[in-house]
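A.B. asks:
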Amino acid sequence: MPDIIMASGPFCYAVDHDWAELPDHIVWGNTHAVAVDSQDRIFVAHTSCEASPAKDTIVVFDPEGRYLFSWGEQFYGQAHGLTLIEEAGQERLLLVDIAHGIYKCQVNTLDGEILQHTGKPAFYDEDSLEFGAANVSVAPNSDLYLAEGYGSSFVLHFNGEGILLSRFGGWGEDEAHTRWAHGAFIADVDGEPLLHVAVD
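Here it is as structure tokens:
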């Protein structure tokens, strides 16, 4: 039973460390993200670990914490961000792999069928820059904003097809830079989409 209460005031949360009924073949690695689909299934992204017999990095539970299925062995050690979107009436997961970028995956398949990959832009290799993706947010027009805080700390702007449109920020100390850009979220502010970026 939950025995730890987080926060205070009108919004308090009980912590239940035993909620997820993890099967024997999966051992948690570092857990970075959670998404919930329209069927109330909970998708958990974790890095997995050497002690885990299965290396699946996306583990899916029902609302009661019962294990349903898992997939994503190819993202072992790198699974980080997880964003659920709706596209043409279908739910998709955008999974951010630290080393390889954004993968658009089908939700309603047991193996997380990959529909699109948006990888490291060419300028990283051309300019000898490090790349390390952290999280992604999606604009109302389907453009993608990738917070690349594990490498050179840029925020990368792609169109919905994964073509790089621009970049901003990068490593630095002043307000024009986005050091350790780690989270990205687009919210409606006074009727306009506004990108929020979590930095150091």
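Here the sequence shown is numbered in the working numbering, starting from 511 and rising by one per residue.
Even for Gly, the Cβ is constructed at its ideal location relative to N, Cα and C.
#1: If you draw a straight line from the C-alpha of Phe521 to the C-alpha of Glu574, how long is it?
#2: Can you give me the start and stop residues for the beta strand (DSSP E) that Phe641 sits inside?
#3: Would you mind sorting Pro631 into buried or exposed? The rule is 16 or more other CB atoms within 10 Å of its CB.
#4: Are there 16 or more other CB atoms within 10 angstroms of the CB of Gln588, so buried, or fewer, so exposed?
#5: Give the straight-line distance between the Cα atoms of Asn651 and Gly680, rounded to the nearest whole angstrom.
#6: Once the 5 residues before and after Asp534 are set aside, which same chain residues still bring their CB inside 8 Å of it?
#7: May I have the straight-line CA-CA distance separating Thr688 from Val648, to the nearest angstrom?
#8: Please state whether DSSP places Glu596 in a helix, a strand or coil.
#9: Please determine, among Ala561, Asp637, Ser518, the residue with the shortest C-alpha to C-alpha distance to Gly661.
#10: Quick one: what's got a C-beta closer than 6 Å to Ile696's C-beta in the same chain, skipping five residues either side?
#11: For Tyr577, which of helix, strand or coil comes out of DSSP?
#12: Looking at the secondary structure, which residues open and close the beta strand (DSSP E) in which Leu704 lies?
#13: Could you tell me how far apart the beta carbons of Phe571 and Leu578 are, in whole angstroms, since I believe they sit closer than 8 Å?
#14: Nearest to Ala691 by CA position, among Ile536, Asn540, Glu658, Ile612, is which residue?
#15: Could you tell me which residues DSSP puts in a beta bridge with Ala657?
#16: Classify Asn645 as buried or exposed, calling it buried when 16 or more other Cβ atoms lie within 10 Å of its own Cβ.
C.D. replies: By the coordinates alone:
#1: 21 Å
#2: Neither: Phe641 is in no beta strand (DSSP E) and is coded neither H nor E.
#3: buried
#4: buried
#5: 24 Å
#6: Pro563
#7: 18 Å
#8: strand
#9: Asp637
#10: Ser647, Ala649, Pro703, Leu705
#11: strand
#12: 702-708
#13: 6 Å
#14: Glu658
#15: Asn645, Val665
#16: buried
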